[in-house]
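J.:
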Amino acid sequence: EAQVTQNPRYLITVTGKKLTVTCSQNMNHEYMSWYRQDPGLGLRQIYYSMNVEVTDKGDVPEGYKVSRKEKRNFPLILESPSPNQTSLYFCASEGTEADTQYFGPGTRLTVL
Amino acid sequence: EDQVTQSPEALRLQEGESSSLNCSYTVSGLRGLFWYRQDPGKGPEFLFTLYSAGEEKEKERLKATLTKKESFLHITAPKPEDSATYLCAVQADRGSTLGRLYFGRGTQLTVWP
């Protein structure tokens, strides 16, 4: 089954404690993205990757890092989380021949 | 700057009452316009991709259309299970930005029996 998986699905942490949210896709897609979704602001792209070792900033990259060492994985790293990074995060992937981006189930992050 | 505006923000319909959702966009070279459905707490679910003005796509009670400046999602005889937030997104046709999607804020649709 074609899918995008994210872990963890829920995370409560404290300010400054480094965390990583993992994302994996089994569709051999070239493109992968991270989004955050906040009430009233909609979905905003954080970072995206066009292929292994190729990444670029989206609309709201501050405070986040990404890496793309393997085609299937695209982890999101928060080196020093702050309360304003409390949000619902989605990973997505897209192939060059695909019609659309496929989204993961989401990770709800709370930073205290 | 690429932008996407959806209207209305919220829409309440009685079961069977047809209506349309609007997505207006400004993008320098459109590669594709996408419609998604999102249920609370879940990831967006793909509905349609439209590539050029005049294109139409249908799926059950939903029909999406595209002009050079906007897209409409027509809902015919909706049912309560159609209640969700409908998201519109555009992707620009620029090689360096393939993979970038710009989303509107969505239309929250409620269909009551």
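Top to bottom, those sequences are chains A and B. If you're matching positions, the first sequence starts at 6 in this note's numbering and goes up one per residue. If you're matching positions, the second sequence starts at 52 in this note's numbering and goes up one per residue. Don't be surprised by glycine CBs; every beta carbon is placed ideally from N, CA and C.
1) With burial defined as no fewer than 16 other Cβ atoms inside 10 Å of the residue's Cβ, what is the status of R14/A: buried or exposed?
2) Cβ of F4/A less than 8 Å from any chain B Cβ?
3) Output the distance between the C-alpha atoms of E106/B and S75/B, rounded to the nearest integer angstrom.
4) May I ask you to list the residues that DSSP assigns as paired with I126/B?
5) For S98/A, which beta-bridge partners are listed by DSSP?
6) Return the first residue and the last residue of the beta strand (DSSP E) that E96/B is part of.
7) If you follow the beta strand (DSSP E) that M55/A is in, where does it begin and where does it stop?
8) Is G47/A close to chain B? Criterion is C-beta to C-beta, closer than 8 Å.
9) Within the same chain, show all residues whose beta-carbon is closer than 6 Å to that of K108/B, passing over the 5 residues directly before and after it, in chain order.
10) What's the C-alpha gap between V116/A and T118/B?
11) Taking a Cβ distance cut-off of 8 Å, strictly less, list which residues of the region 103-114 of chain A are near chain B, in chain order.
12) What's the C-alpha gap between L81/A and L101/B?
13) At a CB-CB cut-off below 7 Å, which residues of chain A make contact with K93/B?
14) Can you find the residues in the same chain that come closer than 8 Å, C-beta to C-beta, to E121/B, ignoring five residues on each side of it along the sequence?
15) At a cut of 8 Å, does the region 125-135 of chain B reach the region 41-59 of chain A through at least three beta carbon pairs?
16) Measuring CA to CA, which of Q8/A, V19/A and I51/A is closest to Y2/A?
17) For N12/A, name the three-state secondary structure that DSSP assigns.
18) Please identify, using Cβ separations under 8 Å, the residues of the region 99-123 of chain B that lie next to chain A, in order along the chain.
19) Whose Cβ in chain A lies nearer than 8 Å to the Cβ of G80/B?
20) Hey, is G155/B's beta-carbon within less than 8 Å of any beta-carbon in chain A?
21) Using 10 angstroms around the beta-carbon of S98/A, count the other beta-carbons present and answer buried if the total reaches 16, otherwise exposed.
T.: Reading off the structure:
1) exposed
2) Since the first and last residues shown for chain A are 6 and 117, residue 4/A lies out of range.
3) 15 Å
4) S70/B and L113/B
5) M37/A and Y107/A
6) E96 to L101
7) G47 to N56
8) yes
9) F99 and A115
10) 42 Å
11) D104, T105, Q106, Y107, F108, G109, P110, G111 and R113
12) 30 Å
13) P110 and G111
14) N73, C74, S75 and Y76
15) no
16) Since the displayed chain A opens at 6 and closes at 117, residue 2/A lies outside it and no answer follows.
17) strand
18) T100
19) Neighbours of G80/B on chain A: none; closest Cβ ~17 Å, over 8 Å.
20) yes
21) buried
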